[in-house]
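So in UniProt numbering the end of the sequence shown lands on 337, straight run, no missing numbers.
One structure is given below, encoded as C-alpha cells.
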Amino acid sequence: MGADRDRNGGRGSDKSDDALRDGGLTTGEVARRLGVAPTTIRSWDRRYGLGPSTRADGRHRRWTGPDLARLRRMCALTGAGLPPAEAARLALDDSRPLAPSPQSKPQPLSPRAPGRSRAGSGLRLGDVRQECKGMARAALRLDAAALDETLGGAIEEHGLVEAWTELIMPTLQAVGRKWETSGERYVEVEHFLSWHVSGALRRHAPKIAPGTRGATTILACAPGENHTLPLEVLTAALTERGLPVRMFGAAVPVESLVAAVRRTGPVAVGLWAQSRTTASVPLAQHVSAIEWGVRGARRKPVVLTLGPGWAGQTVRGLPHPSGLAEAVRAVESFVAR
C-alpha cells in the first residue's frame, strides 16, 4: 500500500516537496515533475546555463524552487514554438512575463512563412508554421504536458480541419521521415506524438446526444490496415458538424464490415488504406453494391476510398477525396441528399 501511495502522489509527493524545501530535488525527480527526459534537463544546463543554483558536494545537481520555476518557464516557451536558445534567454530573465513576446508568437496560418525550419535533433520540418516547431520539440523531448497544450491550442485557435492539415500532419510526416532515415531511432517519438494527437482529437470532438438520429457514416480501415489516425480526425470533424459516425478502427475483417453496413444502412462508407497492399478494389465494389430497404426504394451506400493506398487504383463511380477537407465536404453532400 505504501508503494502505491508513492506512485499516486501520496507519501512520495510529500517527500518530494520536503526535498524541494530542504536541499533540492535530483535531476530525475525534476524530470518526473515536468514530464521531460533527464537528458533534456542536463542539455539545457550545459548549453544554456539553466542549471541549479547549487550542487551537492560541488558536483551533483540539486534543484530548488526557483530552479524548477525556470525550467517550467523553459518548457512553456519551447512548447509555444520558440527556439531553445531564445526560450532559455527569456527563462533566465525573471522580469519577463511567462508568455513569449508578441514578435515571437506563432505566425498566423496564412500567408506561409518563407524558408525552411528545423526543430531539435535535426528534425527537418520544411516550410511549416511556428506551431509545428513547438509540437516537434515537445514530441522529441517526450514532454506530455507541453504537447497536449500545443495540440489543444492549435485546434482551438485554427479549427480542427486547418490545424490537422497545416500543423499536425506536417509534424507527423516529419517525425515519420526522421524514423525512416535514422535506423528506427525515433519510433518512440512517433508513437508518443500519435497517441497525444489521438487524445486531443477525442477531447475536442463534442459528445453526440443519446437518441441522435440521421444518416450515418461508417469509417473503417481496410483489412490488414492499422493506421487509424486519419480516420480518427475525420470522425472528429464529422462529429463536430453534428453528423452521426460509426468508427470501427483498424484492420476490420471483410465479413464484419459487410455485417455492419447491412445492420446500419449508412449513407456513406469511408475505407482507409495507407498502402497499396491494403487497398482492395473488390472490397470497395462489393460494399458499394450492398442494398437495403423495401422493394422499390432500395438504397446503397456511397463508398469513399480514403488514403494514399488508393492512388492509381481509383474505382469508377467511387469518390477519392484528396484530403480531410474534401472528405468532410463529400460526406456532408451525401447526407444532404
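Glycine included, every Cβ here is placed at the ideal spot set by N, Cα and C.
Are the C-beta of residue i and some C-beta of chain D separated by less than 9 angstroms?
i, result
"Leu234", "You won't find chain D in this structure, because it holds only one protein chain."
Say the cut is 8 angstroms; is the CB of residue i nearer than that to a heavy atom of the ligand MG?
i, result
"Glu149", "You won't find the ligand MG in this model; it holds no ligand whatsoever."
For residue i, does the three-state DSSP call read helix, strand or coil?
i, result
"Ala268", "strand"
"Thr64", "coil"
"Ile290", "coil"
"Leu193", "helix"
"Leu142", "coil"
"Leu25", "strand"
"Gly159", "coil"
"Tyr186", "coil"
"Leu92", "helix"
"Gly153", "helix"
"Gly176", "helix"
"Ser43", "helix"
"Lys133", "helix"
"Arg198", "In the sequence on display, residue 198 carries Ser and not Arg. Helix at Ser198."
"Leu34", "helix"
"Ala205", "coil"
"Pro52", "coil"
"Pro170", "helix"
"Pro84", "helix"
I'd like the list of long-range same chain contacts for residue i, defined as Cβ closer than 6 angstroms, with 5 residues on each side in sequence excluded.
i, result
"Pro319", "Leu304 and Ala330"
"Phe248", "Ala220"
"Ala91", "Arg70, Arg73 and Met74"
"Ala87", "Met74, Leu77 and Thr78"
"Trp164", "Val233 and Leu324"
"Val328", "Ala237"
"Gly265", "Trp292"
Can you round the beta-carbon distance between residue i and residue j to whole angstroms, since I take them to be within the 8 angstroms contact cut?
i, j, result
"Gly317", "Ala273", "Contact doesn't hold; Cβ gap of about 18 angstroms is too wide."
"Ala250", "Thr228", "5 angstroms"
"residue 381", "Val36", "Residue coverage of the chain in this structure runs from 1 to 337, which leaves residue 381 outside it and unanswerable."
"Leu271", "Leu306", "6 angstroms"
"Ser288", "Pro301", "7 angstroms"
"Arg89", "Leu34", "Wrong, their Cβ atoms sit about 19 angstroms apart, outside the cutoff."
"Leu201", "Val233", "6 angstroms"
"Ala154", "Ile168", "7 angstroms"
"Arg262", "Thr216", "Not really, about 13 angstroms apart at Cβ, beyond 8 angstroms."
"Pro83", "Cys132", "In fact, because the Cβ distance is near 13 angstroms, the residues do not count as touching under 8 angstroms."
Closer than 7 angstroms by C-beta to residue i: which residues in its own chain qualify, once you throw out the five before and the five after it? Chain order, please.
i, result
"Asp67", "Pro52 and Ser53"
"Phe192", "Ala139 and Leu142"
"Val254", "Pro223 and Leu283"
"Trp44", "Leu50, Met74 and Ala88"
"Phe334", "Val267, Ala268 and Val302"
"Thr40", "Arg141"
"Ala85", "Tyr48"
"Glu225", "Ala250, Ala251, Trp272, Ala273, Gln274 and Thr278"
"Val315", "Val281, Ala284, Gln285 and Thr305"
"Arg185", "none"
"Thr150", "Gly79, Glu131, Gly134, Met135 and Ala138"
"Pro321", "Leu304, Leu306, Ala327 and Ala330"
Spatial neighbours of residue i within its chain, please: CB distance less than 8 angstroms, with the 5 preceding and 5 following residues excluded, ordered by chain position.
i, result
"Arg298", "Glu291 and Trp292"
"Gly152", "Ala200, Arg203 and His204"
"Ala31", "Ala37, Pro38, Thr40 and Ile41"
"Leu231", "Leu219, Ala220, Cys221, Met247, Gly249, Gly270, Trp272 and Leu306"
"Val189", "Ala139, Leu140, Leu142, Val175, Lys178 and Trp179"
"Thr27", "Pro38, Ile41, Arg42, Arg61 and Trp63"
"Gln173", "none"
Within the UniProt domain "B12-binding" (214-337), note down every full alpha helix (DSSP H) run reaching 4 residues or more, in order along the chain. 229-240, 254-264, 281-288 and 324-336
Would you check if there are 3 or more beta carbon pairs closer than 8 angstroms linking the stretch 139-149 to the stretch 185-199? yes
Three or more C-beta pairs under 8 angstroms: does that hold for the stretch 159-167 against the stretch 44-55? no
Touching by the beta-carbon criterion (3+ pairs, under 8 angstroms), the stretch 277-291 and the stretch 230-250: no
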